[in-house]
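**Q**
Numbering (my numbering), first residue to last: 4 to 63.
1. Using only the alpha-carbon positions, how far apart do residue 19 and residue 34 sit?
2. Ignore the nearest five residues each way along the sequence and tell me which others in residue 43's own chain have a CB closer than 8 Å to its CB.
3. Suppose you measure from the CA of residue 41 to the CA of residue 56; what does that come to, to the nearest Å?
4. Checking the sheet assignment: what are the DSSP bridge partners for residue 37?
5. Could you give the DSSP three-state label for residue 30: helix, strand or coil?
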């Protein structure tokens with residue numbers, strides 16, 4: 004037998020900071036670094052990608 008399906012309403016896309024606080028959620032800003040079409044959360048990874056691109060360009 005399969006489990007009965009439960010309909011869950013979609014989560015709201017925007018809540019105020021006070022509404023989030025009531026839920027125990029804290030909004031934090033996130034910083035990303037983009038190299039071409041790629042996105043990195045760590046600067047060191049973005050720099051490594053740039054270095055890989057430069058090595059590939061200078062070899063070819």
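Glycine included, C-beta positions come from ideal geometry on N, C-alpha and C.
**A** The structure says:
1. Start at 1 with the first residue of the chain shown, and residue 19 comes out as number 16. Start at 1 with the first residue of the chain shown, and residue 34 comes out as number 31. If you take the alpha carbons of residue 19 and residue 34, they lie about 21 Å apart.
2. For this step, residue 43 is matched to residue 40 along the chain shown. The residues are 35, 36, 37, 49 and 52.
3. Residue numbering aside, residue 41 sits at position 38 when the chain shown is read from its first letter. Residue numbering aside, residue 56 sits at position 53 when the chain shown is read from its first letter. So the two alpha carbons sit approximately 12 Å from each other.
4. Locating residue 37 in the chain shown gives position 34, counting from the first residue. Paired residue(s): 42.
5. Reading the chain shown from its first residue, position 27 is the one you call residue 30. Reduced to three states, the DSSP call for residue 30 is coil.
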